[in-house]
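Asker:
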Amino acid sequence: MTQYPAPQTIDAKTRATLKVLFLAKHALGDGSLHPEDGNHAVYHNEVRTILEGLFDNLVVGNQYAMLFDPPEVDFVFSLLNRGGFVNSEMLVPLLCNRKGLPYLGGSPILRGLSDDKHLSKLVARARGIPTADWAIYRKGGPVDEKFCPMAERMVIKPNASSASWGVRDAGDWAAVKDAVAAIHEEGHDAIVEPFLTGSDVEVPVVTMHGRPLTLPMMLFEQADPTHLRTYWEKRDLVERASKYELVDFEGSPFEAEIAAHTANLAQEFVPFDYGRYEFRLDEEKGELNFLEVNLNCNLWSQKVFGRSAVRAGWTQEQLIETIVAESLRSHGLMD
3 MTQYPAPQTI DAKTRATLKV LFLAKHALGD GSLHPEDGNH AVYHNEVRTI LEGLFDNLVV
63 GNQYAMLFDP PEVDFVFSLL NRGGFVNSEM LVPLLCNRKG LPYLGGSPIL RGLSDDKHLS
123 KLVARARGIP TADWAIYRKG GPVDEKFCPM AERMVIKPNA SSASWGVRDA GDWAAVKDAV
183 AAIHEEGHDA IVEPFLTGSD VEVPVVTMHG RPLTLPMMLF EQADPTHLRT YWEKRDLVER
243 ASKYELVDFE GSPFEAEIAA HTANLAQEFV PFDYGRYEFR LDEEKGELNF LEVNLNCNLW
303 SQKVFGRSAV RAGWTQEQLI ETIVAESLRS HGLMD
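In this text, residue positions in the sequence shown follow my numbering: the first is 3, and each later residue adds one.
#1: Can you tell me whether residue 95 is helix, strand or coil according to DSSP?
#2: Kindly indicate the opening and closing residues of the beta strand (DSSP E) around residue 224.
#3: Taking all protein chains shown into account, decide if residue 175 is buried (16 or more other Cβ within 10 angstroms of its Cβ) or exposed.
#4: Please state if the CB of residue 74 and the CB of residue 83 are separated by a distance shorter than 7 Å.
#5: Enumerate, from N- to C-terminal direction, the unbroken alpha helix (DSSP H) stretches of 4 or more residues contained entirely within the region 302-332.
#6: So, are the CB atoms of residue 31 and residue 41 less than 7 Å apart?
#7: In this structure, how does DSSP classify residue 152 when only helix, strand and coil are distinguished?
#8: Distance check for residue 112 and residue 161, CA to CA, integer angstroms please.
#9: Less than 6 Å between C-beta atoms, sequence neighbours within five positions excluded: which residues of the same chain meet that for residue 33?
#10: Below 8 Å, can you find three or more Cβ-Cβ pairs linking the region 307-316 to the region 211-220?
#11: Tell me residue 280's beta-bridge partners as DSSP assigns them.
#12: Have a look at 177, 287, 18 and flag the residue whose alpha-carbon is nearest the alpha-carbon of residue 256.
#13: Does DSSP put residue 159 in a helix, a strand or coil?
#14: Are residue 329 and residue 106 touching if we call contact CB-CB under 7 Å?
#15: Suppose the cutoff is 6 Å on Cβ atoms and the five residues either side in sequence are ignored; what does the same chain contact list for residue 191 look like?
#16: DSSP three-state label for residue 21, please.
#17: In the DSSP output, what is residue 59 paired with across the bridge?
#18: Would you check if the distance between the CB atom of residue 281 and the CB atom of residue 246 is smaller than 7 Å?
#19: State the DSSP-derived secondary structure class of residue 267, mapped to helix, strand or coil.
As structure tokens, then:
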């Protein structure tokens, strides 16, 4: 059984003196399920509660405007990743860089690289990691059939979507083209790829002593390996227990291979503080493919990171404290 290092801690002086800004869409909410964002509202409330226990001086907000003329703070912990416009993933770190504010997570360019599924697939393939063929159709550019790796079933989605927002499938080029047009009309680039049967292996990675540390892997085990998981399911806005469940992933002959691919790819994104690396595994066929990278991903206790931390012997509070402590040290804010 793998032995994981002890979680990192924030010293008493830093807890008492450091002024931290926590930004999240639902940071000021009461923790209730949101009708559109679902469990994200619960998640944001959970992180706020933990940070209130870690720092005596916590400023809480839910608007980018707080960083236009920022308050006097020492460090920014932001979950304000999705702002409702294209490439919003990069805005908070850009605003922090503009004002010289240290912040949790990767730099703007790394956040953009991970957010762009096409670019992250290019990086994975360049490093020799198995990645299924795909096509990218940028908004305003040509939609040419000859670049599309057509299969019996295709998946079309916004190139920078999260939690499968906007995902759809199609069985022929005409339907694919219509789906791409719809995504372009919504203001997004579209990525198109053959549907891969199987289940998603989720690999959470944190920074520990300046280096990536892979935490226990998890598996979104699907009752039907051909089911296309949706945004509404991932946000707990519809019933999904009968369709898939999050389970431990260990003992698989693919585990060592996935760990090696993750360590390989993570080197492209260091330093990133924390992130989730995803692979599609079809155990029956013995096929493994890289899917995407999500830096500054969901840390909720009921999702991949929280469940994985428990398997590593950490509480949810220790997970958050470890991630923040490592970042504070990297920014020279704590010895």
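Even for Gly, the Cβ is constructed at its ideal location relative to N, Cα and C.
Answerer: Inspection of the coordinates gives the following:
#1: The residue you call residue 95 lines up with position 93 of the sequence shown. The answer is helix: DSSP assigns residue 95 an H, G or I state.
#2: Here residue 224 refers to the residue found at position 222 when the sequence shown is read from its first residue. Per DSSP, residue 224 belongs to the beta strand (DSSP E) from 220-224.
#3: Your numbering for residue 175 matches position 173 in the sequence shown. With fewer than 16 other Cβ atoms within 10 Å, it is exposed.
#4: Taking the sequence shown and counting its residues from 1, the one referred to as residue 83 is at position 81. Taking the sequence shown and counting its residues from 1, the one referred to as residue 74 is at position 72. No, the Cβ-Cβ distance between residue 83 and residue 74 is not below 7 Å.
#5: 306-313, 318-332
#6: Stepping through the sequence shown from its first residue, residue 31 is reached at position 29. Stepping through the sequence shown from its first residue, residue 41 is reached at position 39. Cβ distance not < 7 Å, so residue 31 and residue 41 don't count as in contact.
#7: Walking along the sequence shown from the start, residue 152 turns up at place 150. Here residue 152 sits in coil by DSSP.
#8: For the purposes of this step, residue 161 is taken as residue 159 along the sequence shown, with counting starting at 1. For the purposes of this step, residue 112 is taken as residue 110 along the sequence shown, with counting starting at 1. Taking the straight line joining both Cα atoms gives about 16 Å.
#9: Mapped onto the sequence shown, residue 33 falls at position 31. Here the set comprises 44, 47.
#10: yes
#11: As a working mapping, residue 280 is identified with position 278 in the sequence shown. Answer by DSSP bridge pairing, in chain order: 204, 294.
#12: The count along the sequence shown starts at 1 and reaches residue 256 at position 254. Selected option, being the one with the closest Cα: 287.
#13: Position 157 of the sequence shown, counting from 1, holds the residue named residue 159. Residue 159: strand per DSSP, three-state reduction.
#14: What you label residue 329 is simply residue 327 of the sequence shown in a count that begins at 1. What you label residue 106 is simply residue 104 of the sequence shown in a count that begins at 1. Yes. Within cutoff.
#15: Numbered from 1 along the sequence shown, position 189 holds the residue referred to as residue 191. Closer than 6 Å at the Cβ level, and outside the excluded window around residue 191, lie 140, 141, 161.
#16: Translated into the one-based positions of the sequence shown, residue 21 becomes position 19. Strand, per DSSP.
#17: Locating residue 59 in the sequence shown gives position 57, where the first residue counts as 1. Answer is 21, bridged to residue 59.
#18: Counted from its first residue, the sequence shown places residue 281 at position 279. Counted from its first residue, the sequence shown places residue 246 at position 244. Taking 7 Å as the Cβ cut-off, residue 281 and residue 246 do not qualify as a contacting pair.
#19: In the sequence shown, counting from the first residue as 1, residue 267 sits at position 265. Note: residue 267 maps to helix in three-state DSSP.
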